[in-house]
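Using the working numbering, the letters of the sequence shown map in sequence onto residues 3 to 501. Please read the structure below before turning to the comments.
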Amino acid sequence: MHLQLQHLYTDLNNSMLQLRQQSGPVSESRKIVDRALLDGHAHYGINTGFGVLANKRISSDDLAMLQKNILLSHACGMGDPVPPEITRLMLQLKIHSLSLGYSGVSERTFKQLLDLEEHGILPWIPSRGSVGASGDLAPLAHMCLPLIGRGEVWNDTCSDRIPAAGALEASGIQPIDLQAKDGLALINGTQMMAAYGAFVLERTLGLQREADLLAAMSLEALQGSAVPFDERIHAIRPHQGQQDVACNIRTLLQGSEILASHRDCGKVQDPYSLRCVPQVHGASRDALSYARQCFEIEINSVTDNPLVFEQGDILSGGNFHGQPLALAMDFAAIALAELGSISERRTYLLLEGHDGLPKLLMKDTGVNSGFMIPQYTAAALVSENKVLCHPASVDSIPTSLGQEDHVSMGSISAYKLLSVLKNVECILAVELLTTAQALDFRSEFSPGLGVALAHHSLRREIQHADQDYEVRNDLDQCASILRSGELLRVVESELGPLK
(Lines of atoms letter the chains of each structure in order from A and count residues from 1; the text may use other names and numbers.)
(Lines give C-alpha, C1' and ligand atoms only; values in the text may rest on other atoms or scores of the structure.)
Protein backbone atom coordinates (compact mmCIF):
# COMPACT_ATOMS: atom_id res chain seq x y z
CA MET A 1 0.00 0.00 0.00
CA HIS A 2 1.29 3.46 -0.93
CA LEU A 3 0.88 5.83 2.01
CA GLN A 4 -0.28 9.40 1.39
CA LEU A 5 -0.05 12.24 3.91
CA GLN A 6 -3.54 13.39 2.97
CA HIS A 7 -4.95 10.06 4.17
CA LEU A 8 -2.08 9.10 6.46
CA TYR A 9 -3.93 7.60 9.41
CA THR A 10 -6.49 5.76 7.29
CA ASP A 11 -3.77 4.40 5.01
CA LEU A 12 -1.64 3.22 7.93
CA ASN A 13 -4.55 1.53 9.69
CA ASN A 14 -5.51 -0.25 6.47
CA SER A 15 -1.89 -1.29 5.95
CA MET A 16 -1.65 -2.75 9.46
CA LEU A 17 -4.87 -4.70 8.88
CA GLN A 18 -3.61 -6.17 5.62
CA LEU A 19 -0.22 -7.09 7.10
CA ARG A 20 -1.84 -9.00 9.96
CA GLN A 21 -3.44 -11.20 7.33
CA GLN A 22 -0.53 -11.61 4.91
CA SER A 23 3.09 -10.42 4.76
CA GLY A 24 4.68 -12.40 1.93
CA PRO A 25 7.64 -10.08 1.14
CA VAL A 26 8.90 -10.42 4.73
CA SER A 27 9.12 -14.19 4.38
CA GLU A 28 10.89 -14.03 1.02
CA SER A 29 13.53 -11.54 2.16
CA ARG A 30 14.16 -13.61 5.29
CA LYS A 31 15.01 -16.67 3.17
CA ILE A 32 17.85 -14.68 1.60
CA VAL A 33 19.27 -13.83 5.04
CA ASP A 34 19.02 -17.46 6.14
CA ARG A 35 20.95 -18.56 3.04
CA ALA A 36 23.60 -15.89 3.66
CA LEU A 37 24.22 -17.27 7.14
CA LEU A 38 25.35 -20.53 5.52
CA ASP A 39 27.55 -19.20 2.70
CA GLY A 40 30.68 -18.63 4.81
CA HIS A 41 31.03 -14.95 3.91
CA ALA A 42 30.93 -11.90 6.14
CA HIS A 43 27.72 -9.90 5.84
CA TYR A 44 27.55 -6.57 7.66
CA GLY A 45 25.18 -6.59 10.60
CA ILE A 46 24.25 -10.21 10.04
CA ASN A 47 27.42 -11.93 11.21
CA THR A 48 29.63 -8.90 11.90
CA GLY A 49 29.69 -6.12 14.44
CA PHE A 50 28.18 -2.69 13.81
CA GLY A 51 29.50 0.74 12.92
CA VAL A 52 33.22 0.98 13.61
CA LEU A 53 33.10 -2.72 14.63
CA ALA A 54 31.96 -3.81 11.17
CA ASN A 55 35.19 -5.74 10.56
CA LYS A 56 34.70 -7.99 13.60
CA ARG A 57 33.26 -11.39 12.61
CA ILE A 58 30.72 -12.89 15.01
CA SER A 59 30.43 -16.64 15.53
CA SER A 60 27.12 -18.33 14.81
CA ASP A 61 26.75 -19.17 18.51
CA ASP A 62 26.74 -15.46 19.40
CA LEU A 63 24.40 -14.13 16.71
CA ALA A 64 21.32 -14.02 18.92
CA MET A 65 23.27 -12.29 21.69
CA LEU A 66 24.61 -9.79 19.13
CA GLN A 67 21.08 -8.77 18.13
CA LYS A 68 19.92 -8.45 21.72
CA ASN A 69 22.99 -6.43 22.62
CA ILE A 70 22.42 -3.98 19.79
CA LEU A 71 19.05 -3.05 21.31
CA LEU A 72 20.44 -2.78 24.82
CA SER A 73 23.55 -0.80 23.89
CA HIS A 74 21.74 1.64 21.63
CA ALA A 75 18.90 2.30 24.08
CA CYS A 76 20.71 5.28 25.59
CA GLY A 77 18.29 8.11 24.84
CA MET A 78 17.51 10.83 27.33
CA GLY A 79 15.08 13.67 27.86
CA ASP A 80 11.33 14.09 27.56
CA PRO A 81 9.44 11.29 25.81
CA VAL A 82 8.35 11.28 22.21
CA PRO A 83 4.62 12.17 22.28
CA PRO A 84 2.42 9.04 22.20
CA GLU A 85 0.69 10.03 18.95
CA ILE A 86 4.07 10.31 17.23
CA THR A 87 5.29 7.08 18.83
CA ARG A 88 2.36 5.26 17.27
CA LEU A 89 3.32 6.68 13.88
CA MET A 90 6.93 5.58 14.45
CA LEU A 91 5.82 2.03 15.16
CA GLN A 92 3.48 1.87 12.19
CA LEU A 93 6.03 3.39 9.82
CA LYS A 94 8.68 0.89 10.95
CA ILE A 95 6.26 -1.98 10.33
CA HIS A 96 5.34 -0.58 6.93
CA SER A 97 8.98 -0.21 5.90
CA LEU A 98 9.91 -3.73 7.02
CA SER A 99 6.88 -5.12 5.18
CA LEU A 100 8.28 -3.98 1.82
CA GLY A 101 10.62 -6.96 1.90
CA TYR A 102 14.11 -5.48 1.69
CA SER A 103 15.12 -5.78 5.33
CA GLY A 104 15.40 -9.52 5.95
CA VAL A 105 13.79 -9.31 9.37
CA SER A 106 12.52 -12.61 10.78
CA GLU A 107 8.81 -13.33 10.56
CA ARG A 108 8.59 -13.83 14.32
CA THR A 109 10.03 -10.41 15.05
CA PHE A 110 7.81 -8.79 12.42
CA LYS A 111 4.73 -10.42 13.94
CA GLN A 112 5.75 -9.22 17.40
CA LEU A 113 5.79 -5.65 16.11
CA LEU A 114 2.32 -6.16 14.67
CA ASP A 115 1.14 -7.56 18.01
CA LEU A 116 2.38 -4.46 19.84
CA GLU A 117 0.56 -2.23 17.37
CA GLU A 118 -2.66 -4.25 17.47
CA HIS A 119 -2.78 -4.23 21.29
CA GLY A 120 -2.01 -0.51 21.47
CA ILE A 121 1.22 -1.08 23.40
CA LEU A 122 3.15 2.16 22.83
CA PRO A 123 6.82 2.19 23.82
CA TRP A 124 8.03 5.04 26.03
CA ILE A 125 10.84 6.61 24.01
CA PRO A 126 13.26 9.29 25.25
CA SER A 127 13.27 11.92 22.54
CA ARG A 128 16.95 12.93 22.60
CA GLY A 129 19.82 10.80 21.36
CA SER A 130 19.55 10.62 17.57
CA VAL A 131 21.91 12.48 15.24
CA GLY A 132 19.80 11.57 12.23
CA ALA A 133 22.23 9.25 10.44
CA SER A 134 22.52 5.50 10.66
CA GLY A 135 18.90 6.29 11.22
CA ASP A 136 17.33 7.15 14.55
CA LEU A 137 19.35 4.55 16.43
CA ALA A 138 18.65 5.36 20.08
CA PRO A 139 14.93 6.17 19.71
CA LEU A 140 14.30 3.07 17.61
CA ALA A 141 16.21 0.91 20.08
CA HIS A 142 13.93 2.15 22.86
CA MET A 143 10.91 1.58 20.63
CA CYS A 144 11.89 -2.05 20.05
CA LEU A 145 13.02 -3.04 23.55
CA PRO A 146 9.48 -4.19 24.46
CA LEU A 147 9.76 -6.90 21.80
CA ILE A 148 12.16 -8.71 24.12
CA GLY A 149 10.33 -7.76 27.30
CA ARG A 150 12.65 -4.88 28.18
CA GLY A 151 12.18 -1.12 28.36
CA GLU A 152 9.06 0.82 29.20
CA VAL A 153 5.70 1.59 27.59
CA TRP A 154 2.92 4.10 28.13
CA ASN A 155 0.09 3.13 30.44
CA ASP A 156 -3.50 2.91 29.16
CA THR A 157 -4.09 6.65 29.56
CA CYS A 158 -0.67 7.66 28.18
CA SER A 159 -0.07 9.59 31.39
CA ASP A 160 2.88 7.63 32.75
CA ARG A 161 5.32 4.85 31.88
CA ILE A 162 5.23 1.28 33.08
CA PRO A 163 7.57 -1.72 32.59
CA ALA A 164 7.10 -3.31 29.17
CA ALA A 165 7.24 -6.83 30.61
CA GLY A 166 4.05 -6.29 32.61
CA ALA A 167 2.21 -4.77 29.66
CA LEU A 168 3.15 -7.71 27.45
CA GLU A 169 1.99 -10.20 30.07
CA ALA A 170 -1.33 -8.38 30.49
CA SER A 171 -1.90 -8.65 26.74
CA GLY A 172 -0.87 -12.30 26.53
CA ILE A 173 2.29 -11.55 24.53
CA GLN A 174 5.52 -13.43 25.22
CA PRO A 175 8.90 -11.73 24.81
CA ILE A 176 10.90 -13.07 21.86
CA ASP A 177 14.54 -13.81 21.10
CA LEU A 178 15.85 -11.81 18.19
CA GLN A 179 17.43 -13.64 15.28
CA ALA A 180 20.32 -12.67 13.02
CA LYS A 181 19.81 -9.29 11.29
CA ASP A 182 16.70 -8.47 13.40
CA GLY A 183 18.31 -5.99 15.76
CA LEU A 184 19.96 -3.99 13.00
CA ALA A 185 16.80 -3.95 10.89
CA LEU A 186 14.90 -2.61 13.89
CA ILE A 187 17.21 0.24 14.89
CA ASN A 188 18.40 1.39 11.45
CA GLY A 189 15.88 3.66 9.80
CA THR A 190 14.46 7.18 9.77
CA GLN A 191 11.14 6.40 11.42
CA MET A 192 11.41 8.90 14.26
CA MET A 193 12.26 11.79 11.95
CA ALA A 194 9.65 10.57 9.48
CA ALA A 195 6.96 10.31 12.16
CA TYR A 196 7.55 13.84 13.46
CA GLY A 197 7.60 15.28 9.96
CA ALA A 198 4.56 13.33 8.76
CA PHE A 199 2.61 14.31 11.87
CA VAL A 200 3.30 18.01 11.35
CA LEU A 201 2.94 18.06 7.58
CA GLU A 202 -0.39 16.22 7.69
CA ARG A 203 -1.60 18.95 10.06
CA THR A 204 -0.44 21.69 7.69
CA LEU A 205 -2.89 20.55 5.01
CA GLY A 206 -5.67 22.15 7.04
CA LEU A 207 -3.61 24.83 8.74
CA GLN A 208 -2.61 26.54 5.50
CA ARG A 209 -6.27 26.87 4.50
CA GLU A 210 -7.15 28.15 7.97
CA ALA A 211 -4.47 30.83 7.59
CA ASP A 212 -6.19 31.97 4.38
CA LEU A 213 -9.55 32.02 6.16
CA LEU A 214 -8.18 34.17 8.99
CA ALA A 215 -6.59 36.54 6.49
CA ALA A 216 -9.97 36.97 4.77
CA MET A 217 -11.64 37.64 8.12
CA SER A 218 -9.05 40.27 9.02
CA LEU A 219 -9.28 41.84 5.57
CA GLU A 220 -13.02 42.30 6.03
CA ALA A 221 -12.65 43.58 9.60
CA LEU A 222 -10.06 46.14 8.43
CA GLN A 223 -12.11 47.11 5.36
CA GLY A 224 -9.24 46.17 3.11
CA SER A 225 -9.28 45.98 -0.66
CA ALA A 226 -10.05 42.87 -2.69
CA VAL A 227 -8.14 44.20 -5.70
CA PRO A 228 -4.81 42.53 -4.78
CA PHE A 229 -6.54 39.15 -5.11
CA ASP A 230 -7.66 39.72 -8.70
CA GLU A 231 -6.92 36.61 -10.75
CA ARG A 232 -5.14 38.63 -13.45
CA ILE A 233 -2.43 39.78 -11.04
CA HIS A 234 -1.49 36.22 -10.14
CA ALA A 235 -1.73 34.86 -13.67
CA ILE A 236 1.38 36.81 -14.62
CA ARG A 237 3.37 35.52 -11.63
CA PRO A 238 2.01 31.99 -11.63
CA HIS A 239 3.48 30.40 -8.52
CA GLN A 240 0.97 27.69 -7.65
CA GLY A 241 0.70 28.55 -3.97
CA GLN A 242 0.18 32.23 -4.72
CA GLN A 243 -2.58 31.48 -7.21
CA ASP A 244 -4.32 29.07 -4.82
CA VAL A 245 -4.29 31.53 -1.92
CA ALA A 246 -5.68 34.35 -4.06
CA CYS A 247 -8.42 32.02 -5.29
CA ASN A 248 -9.29 31.05 -1.71
CA ILE A 249 -9.57 34.67 -0.62
CA ARG A 250 -11.81 35.51 -3.58
CA THR A 251 -14.02 32.54 -2.71
CA LEU A 252 -14.28 33.52 0.96
CA LEU A 253 -15.15 37.15 0.13
CA GLN A 254 -17.98 36.36 -2.27
CA GLY A 255 -21.10 38.41 -1.53
CA SER A 256 -19.36 40.81 0.85
CA GLU A 257 -21.38 43.91 1.71
CA ILE A 258 -18.45 45.25 3.72
CA LEU A 259 -16.24 45.35 0.63
CA ALA A 260 -18.96 47.00 -1.41
CA SER A 261 -19.57 49.63 1.29
CA HIS A 262 -16.08 51.12 1.10
CA ARG A 263 -15.18 50.45 -2.52
CA ASP A 264 -14.95 54.19 -3.30
CA CYS A 265 -13.40 55.30 -0.01
CA GLY A 266 -10.24 56.61 -1.67
CA LYS A 267 -7.79 54.31 0.14
CA VAL A 268 -5.07 53.39 -2.35
CA GLN A 269 -3.24 50.44 -0.80
CA ASP A 270 -3.35 48.21 2.27
CA PRO A 271 -0.31 47.20 4.34
CA TYR A 272 1.62 44.18 3.10
CA SER A 273 0.14 41.85 5.74
CA LEU A 274 -3.18 42.24 3.88
CA ARG A 275 -2.13 43.07 0.34
CA CYS A 276 0.60 40.43 0.03
CA VAL A 277 -1.25 37.49 1.61
CA PRO A 278 -1.15 35.48 -1.67
CA GLN A 279 2.58 36.03 -2.05
CA VAL A 280 3.49 35.22 1.56
CA HIS A 281 0.99 32.46 2.28
CA GLY A 282 1.62 31.10 -1.21
CA ALA A 283 5.37 30.87 -0.75
CA SER A 284 4.84 28.97 2.50
CA ARG A 285 2.39 26.65 0.73
CA ASP A 286 4.92 25.86 -2.00
CA ALA A 287 7.62 25.14 0.57
CA LEU A 288 5.28 22.88 2.54
CA SER A 289 4.27 21.13 -0.67
CA TYR A 290 7.92 20.33 -1.35
CA ALA A 291 8.32 18.98 2.20
CA ARG A 292 5.21 16.83 1.89
CA GLN A 293 6.46 15.33 -1.38
CA CYS A 294 9.76 14.50 0.32
CA PHE A 295 8.00 12.82 3.23
CA GLU A 296 5.59 10.85 1.06
CA ILE A 297 8.64 9.34 -0.64
CA GLU A 298 10.26 8.66 2.73
CA ILE A 299 7.36 6.95 4.46
CA ASN A 300 7.09 4.57 1.50
CA SER A 301 10.82 3.81 1.48
CA VAL A 302 13.20 1.28 3.01
CA THR A 303 15.78 3.05 5.17
CA ASP A 304 17.67 0.39 7.10
CA ASN A 305 21.00 -1.27 6.33
CA PRO A 306 22.10 -3.64 4.88
CA LEU A 307 19.35 -4.21 2.31
CA VAL A 308 18.25 -7.55 0.92
CA PHE A 309 17.38 -7.93 -2.78
CA GLU A 310 15.53 -10.61 -4.69
CA GLN A 311 18.53 -12.00 -6.52
CA GLY A 312 20.20 -12.74 -3.19
CA ASP A 313 22.42 -9.71 -2.94
CA ILE A 314 22.83 -8.14 0.49
CA LEU A 315 24.03 -4.58 -0.04
CA SER A 316 25.30 -2.08 2.49
CA GLY A 317 24.42 1.53 1.73
CA GLY A 318 23.26 4.74 3.35
CA ASN A 319 19.48 4.94 3.00
CA PHE A 320 19.29 5.59 6.73
CA HIS A 321 20.87 9.05 6.36
CA GLY A 322 18.35 11.71 7.32
CA GLN A 323 19.62 14.58 5.16
CA PRO A 324 16.57 14.73 2.83
CA LEU A 325 14.28 14.92 5.86
CA ALA A 326 16.46 17.37 7.79
CA LEU A 327 16.50 19.85 4.93
CA ALA A 328 12.76 19.45 4.27
CA MET A 329 11.86 19.91 7.95
CA ASP A 330 14.06 22.98 8.32
CA PHE A 331 12.39 24.45 5.22
CA ALA A 332 8.93 23.52 6.53
CA ALA A 333 9.66 25.18 9.88
CA ILE A 334 10.58 28.42 8.11
CA ALA A 335 7.43 28.22 5.98
CA LEU A 336 5.20 27.68 9.02
CA ALA A 337 6.91 30.44 10.97
CA GLU A 338 6.13 32.90 8.18
CA LEU A 339 2.43 32.03 8.35
CA GLY A 340 2.62 32.97 12.02
CA SER A 341 4.68 36.09 11.43
CA ILE A 342 2.27 37.67 8.96
CA SER A 343 -0.69 36.64 11.12
CA GLU A 344 0.73 38.55 14.09
CA ARG A 345 1.05 41.66 11.90
CA ARG A 346 -2.62 41.43 10.97
CA THR A 347 -3.50 41.11 14.65
CA TYR A 348 -1.52 44.28 15.35
CA LEU A 349 -3.40 46.15 12.61
CA LEU A 350 -6.73 45.10 14.10
CA LEU A 351 -5.83 46.86 17.37
CA GLU A 352 -4.84 50.21 15.89
CA GLY A 353 -8.34 51.61 15.48
CA HIS A 354 -8.54 51.77 11.70
CA ASP A 355 -11.70 52.85 9.86
CA GLY A 356 -14.06 53.04 12.79
CA LEU A 357 -12.80 50.11 14.85
CA PRO A 358 -12.24 51.05 18.51
CA LYS A 359 -8.60 51.01 19.54
CA LEU A 360 -7.71 47.72 21.22
CA LEU A 361 -11.15 46.50 20.11
CA MET A 362 -13.03 47.69 23.19
CA LYS A 363 -15.10 50.85 23.55
CA ASP A 364 -14.22 51.54 27.16
CA THR A 365 -10.42 51.41 27.28
CA GLY A 366 -8.30 52.83 30.03
CA VAL A 367 -9.99 50.84 32.72
CA ASN A 368 -9.94 48.01 30.18
CA SER A 369 -6.82 46.95 28.27
CA GLY A 370 -8.91 45.31 25.57
CA PHE A 371 -7.04 42.98 23.26
CA MET A 372 -3.67 44.64 23.78
CA ILE A 373 -1.98 41.78 25.60
CA PRO A 374 -2.92 38.78 23.41
CA GLN A 375 -0.87 40.47 20.69
CA TYR A 376 2.10 40.35 23.09
CA THR A 377 1.64 36.59 23.27
CA ALA A 378 1.62 36.31 19.49
CA ALA A 379 4.70 38.54 19.26
CA ALA A 380 6.57 36.38 21.78
CA LEU A 381 5.77 33.22 19.86
CA VAL A 382 6.80 34.79 16.55
CA SER A 383 10.14 35.76 18.09
CA GLU A 384 10.62 32.26 19.54
CA ASN A 385 10.02 30.78 16.11
CA LYS A 386 12.83 32.90 14.69
CA VAL A 387 15.22 31.12 17.04
CA LEU A 388 13.74 27.70 16.33
CA CYS A 389 14.12 28.23 12.57
CA HIS A 390 17.91 28.19 12.68
CA PRO A 391 18.55 25.14 10.49
CA ALA A 392 19.74 22.01 12.27
CA SER A 393 20.66 20.41 8.95
CA VAL A 394 23.79 22.56 8.54
CA ASP A 395 25.37 20.98 11.61
CA SER A 396 27.27 17.71 11.88
CA ILE A 397 29.32 16.00 14.60
CA PRO A 398 31.24 12.80 13.70
CA THR A 399 30.23 9.64 15.56
CA SER A 400 31.29 5.97 15.71
CA LEU A 401 34.97 6.91 15.94
CA GLY A 402 34.75 8.69 12.60
CA GLN A 403 33.04 5.88 10.68
CA GLU A 404 29.88 7.98 10.69
CA ASP A 405 31.62 11.26 9.92
CA HIS A 406 28.75 13.32 8.50
CA VAL A 407 25.33 13.25 10.12
CA SER A 408 22.10 15.13 9.38
CA MET A 409 20.91 16.22 12.83
CA GLY A 410 17.44 15.68 11.36
CA SER A 411 16.13 14.64 14.74
CA ILE A 412 16.72 18.20 15.96
CA SER A 413 14.95 19.51 12.84
CA ALA A 414 12.05 17.28 13.85
CA TYR A 415 11.73 18.52 17.44
CA LYS A 416 11.98 22.14 16.31
CA LEU A 417 9.40 21.65 13.57
CA LEU A 418 6.83 20.35 16.04
CA SER A 419 7.52 23.30 18.35
CA VAL A 420 7.07 25.77 15.49
CA LEU A 421 3.76 24.13 14.52
CA LYS A 422 2.43 24.45 18.07
CA ASN A 423 3.52 28.07 18.25
CA VAL A 424 1.90 28.92 14.92
CA GLU A 425 -1.37 27.32 16.01
CA CYS A 426 -1.33 29.64 19.03
CA ILE A 427 -0.45 32.70 16.94
CA LEU A 428 -3.34 31.95 14.58
CA ALA A 429 -5.61 31.45 17.60
CA VAL A 430 -4.80 35.01 18.71
CA GLU A 431 -5.74 36.33 15.27
CA LEU A 432 -8.94 34.28 15.25
CA LEU A 433 -10.11 35.67 18.59
CA THR A 434 -9.06 39.21 17.66
CA THR A 435 -10.54 39.30 14.17
CA ALA A 436 -13.85 37.88 15.42
CA GLN A 437 -13.99 40.72 17.99
CA ALA A 438 -13.28 43.24 15.22
CA LEU A 439 -15.94 41.80 12.92
CA ASP A 440 -18.51 42.32 15.67
CA PHE A 441 -18.07 46.07 15.12
CA ARG A 442 -18.86 45.69 11.39
CA SER A 443 -22.38 44.37 11.93
CA GLU A 444 -23.95 47.12 9.81
CA PHE A 445 -22.90 45.19 6.71
CA SER A 446 -22.44 41.47 6.08
CA PRO A 447 -19.00 40.07 5.25
CA GLY A 448 -18.38 37.54 2.50
CA LEU A 449 -20.17 34.23 2.94
CA GLY A 450 -17.05 32.30 3.94
CA VAL A 451 -16.07 34.92 6.51
CA ALA A 452 -19.64 35.09 7.86
CA LEU A 453 -19.83 31.31 8.25
CA ALA A 454 -16.56 31.21 10.20
CA HIS A 455 -17.52 34.20 12.35
CA HIS A 456 -20.94 32.80 13.25
CA SER A 457 -19.46 29.39 13.98
CA LEU A 458 -16.94 30.85 16.40
CA ARG A 459 -19.54 33.01 18.11
CA ARG A 460 -21.57 29.91 18.94
CA GLU A 461 -18.70 28.92 21.24
CA ILE A 462 -16.94 32.14 22.22
CA GLN A 463 -18.76 35.39 23.01
CA HIS A 464 -17.92 39.01 22.24
CA ALA A 465 -16.02 40.74 25.05
CA ASP A 466 -17.26 44.09 26.38
CA GLN A 467 -14.76 44.28 29.23
CA ASP A 468 -11.51 42.71 30.34
CA TYR A 469 -11.63 39.06 31.32
CA GLU A 470 -9.33 36.05 31.65
CA VAL A 471 -8.49 35.62 27.97
CA ARG A 472 -6.45 32.42 28.19
CA ASN A 473 -9.41 30.05 28.11
CA ASP A 474 -10.73 31.61 24.91
CA LEU A 475 -7.28 31.50 23.31
CA ASP A 476 -6.95 27.83 24.20
CA GLN A 477 -10.38 27.16 22.76
CA CYS A 478 -9.53 29.01 19.54
CA ALA A 479 -6.38 26.91 19.19
CA SER A 480 -8.41 23.75 19.78
CA ILE A 481 -10.95 24.82 17.16
CA LEU A 482 -8.18 25.36 14.63
CA ARG A 483 -6.57 22.00 15.41
CA SER A 484 -9.92 20.25 15.02
CA GLY A 485 -10.61 21.80 11.61
CA GLU A 486 -14.08 22.80 12.78
CA LEU A 487 -14.12 26.22 11.07
CA LEU A 488 -12.92 24.74 7.79
CA ARG A 489 -15.63 22.10 7.86
CA VAL A 490 -18.32 24.74 8.40
CA VAL A 491 -17.01 26.94 5.58
CA GLU A 492 -16.26 24.17 3.10
CA SER A 493 -19.61 22.49 3.65
CA GLU A 494 -21.18 25.58 2.07
CA LEU A 495 -18.53 26.83 -0.34
CA GLY A 496 -16.88 23.57 -1.35
CA PRO A 497 -13.25 22.61 -0.65
CA LEU A 498 -10.73 25.43 -0.55
CA LYS A 499 -7.48 24.91 -2.44
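Ideal placement from N, C-alpha and C gives every residue a C-beta, glycine not left out.
Task: alpha helix (DSSP H) segments (min. 4 residues) lying fully within the region 348-417 - done: The qualifying runs are 374-390.
Task: DSSP-derived helix/strand/coil call for R294 - done: Three-state result, R294: helix.
Task: Cα-Cα separation between S343 and V384, rounded to whole angstroms - done: If you take the alpha carbons of S343 and V384, they lie about 6 Å apart.
Task: Sequence-distant residues of the same chain with beta carbon closer than 6 Å to H98, five excluded per side - done: The residues are S17.
- [ ] Starting from the C-beta of R90, find all residues in its chain whose C-beta is less than 7 Å away, skip the five residues before and the five after it, and write them out in chain order.
- [x] Sequence-distant partners of R90 (beyond 5 residues in either direction) whose C-beta falls short of 7 Å from its own C-beta, in its chain, are L124.
TODO: State buried or exposed for P499, treating a residue as buried only when at least 16 other CB atoms are found within 10 Å of its CB.
DONE: Classification of P499: exposed, given that the 10 Å Cβ count is below 16.
Task: For T50: DSSP bridge partner residues - done: Checking the DSSP bridge columns, you'll see T50 partnered with R59.
Task: Per-residue burial, D366 [other beta carbons within 10 Å of its own, 16 or more giving buried] - done: Exposed: under 16 other Cβ atoms inside 10 Å.
Task: Beta-carbon gap between L290 and A339 smaller than 9 Å - done: Contact flag unset, no.
Task: Boundaries (first-last residue) of the beta strand (DSSP E) holding V155 - done: For V155, the enclosing beta strand (DSSP E) stretches over residues E154 to W156.
Open item on the list: With H, G and I counted as helix, E and B as strand and the rest as coil, what does DSSP make of I127?
Closed with: Correct three-state label for I127: coil.
Task: Minimum C-alpha distance to L216 - residue among G368, K501, L490 and L497 - done: Checked all of G368, K501, L490 and L497; the closest Cα to L216 is L490.
- [ ] Compute the distance between the beta-carbons of A431 and G412, then report whether it is under 9 Å.
- [x] No. Outside cutoff.
TODO: Check whether the Cβ atoms of G355 and L276 lie closer than 9 Å to each other.
DONE: If you check the CB distance, G355 and L276 do not come in under 9 Å.
Open item on the list: Here's the rule I'm using: 16 or more other beta-carbon atoms within 10 Å means buried, otherwise exposed. How should E312 be labelled?
Closed with: Answer is exposed; the Cβ neighbour count stays below 16.
Open item on the list: Using a Cβ-Cβ cutoff of less than 7 Å, which residues in the same chain neighbour K183 once the five nearest sequence positions on both sides are dropped?
Closed with: These residues qualify, in order along the chain: V35, G47, I48, G106 and V107.
Open item on the list: Three or more C-beta pairs under 8 Å: does that hold for the region 126-143 against the region 55-64?
Closed with: When Cβ pairs closer than 8 Å are counted between the two stretches, the region 126-143 is seen not to touch the region 55-64, the count staying below three.
TODO: Might you give, ordered along the chain, the residues of its own chain that have their beta carbon closer than 8 Å to the beta carbon of P251, omitting 5 neighbours on each side?
DONE: Checking the displayed sequence, the identity of residue 251 turns out to be Ile instead of Pro. Cβ within range, chain order: D214, A217, A218, L221, A228, F231, V279 and P280.
Open item on the list: Whether or not the region 402-412 and the region 315-326 are in contact is what I'm after, with contact meaning three or more pairs of Cβ atoms, one per stretch, closer than 8 Å; do they touch?
Closed with: Contact annotation: the region 315-326 touches the region 402-412, with at least three C-beta pairs closer than 8 Å.
Task: Range of the contiguous alpha helix (DSSP H) that encloses D214 - done: Note, D214: alpha helix (DSSP H), Q193 to A223.
Open item on the list: Count Cβ pairs between the region 156-167 and the region 109-129 that sit closer than 8 Å; are there 3 or more?
Closed with: Verdict: yes, contact present.
TODO: Taking G191 as the reference, give the member of P308, S25, L14 and L341 with the closest Cα.
DONE: Per the Cα distances, P308.
Task: One or two residues paired with P165 in a DSSP bridge - done: Beta bridge pairing from DSSP links P165 with E154.
Open item on the list: Let me confirm a value: Y378 is counted as buried when at least 16 other C-beta atoms fall within 10 Å, else exposed. Which label applies?
Closed with: It is exposed - the Cβ of Y378 has fewer than 16 other Cβ atoms within 10 Å.
TODO: Just mark R471 as buried or exposed, buried being the case when its beta carbon has 16 or more other beta carbons within 10 Å.
DONE: It is Tyr, not Arg, that sits at residue 471 in the sequence shown. That one is exposed.
Open item on the list: So if DSSP puts L309 in a beta bridge, which residue, or which two residues, is it bridged to?
Closed with: Under DSSP, the beta-bridge partners assigned to L309 are L317.
Open item on the list: Quick check on D158: buried or exposed, where buried means 16 or more other Cβ atoms within 10 Å of its Cβ?
Closed with: Per the 10 Å Cβ criterion, exposed.
Task: For D184, the first and last residue of its enclosing alpha helix (DSSP H) - done: In the DSSP assignment, D184 falls within the unbroken alpha helix (DSSP H) covering D184 to I189.
Task: Three or more C-beta pairs below 8 Å linking the region 420-437 and the region 200-212 - done: The region 420-437, when compared against the region 200-212, does touch it at the 8 Å Cβ threshold.
Open item on the list: DSSP three-state label for P27, please.
Closed with: If DSSP states are grouped into helix, strand and coil, P27 belongs with the helices.
Task: Per DSSP, the bridge partner or partners of P83 - done: P128, per the DSSP bridge assignment.
Open item on the list: With three or more C-beta pairs closer than 8 Å as the rule, is the region 140-152 touching the region 73-81?
Closed with: The region 73-81 makes contact with the region 140-152, as at least three CB pairs between them are under 8 Å.
Open item on the list: Distance check for A140 and D358, CA to CA, integer angstroms please.
Closed with: It should be pointed out that residue 358 corresponds to Gly in this sequence rather than to Asp. Using only the alpha carbons, I get a separation of about 58 Å.
Task: Extent of the continuous alpha helix (DSSP H) to which G226 belongs - done: From DSSP, G226 is part of no alpha helix (DSSP H); its letter is neither H nor E.
TODO: Using only alpha-carbon positions, find the residue among Y274, Q245, A330 and D272 that is nearest to A293.
DONE: Among Y274, Q245, A330 and D272, the Cα nearest to that of A293 belongs to A330.
TODO: Would you kindly work out how many angstroms separate the C-alpha atoms of L186 and L170, rounded to a whole number?
DONE: L186 and L170 have their C-alpha atoms some 22 Å from each other.
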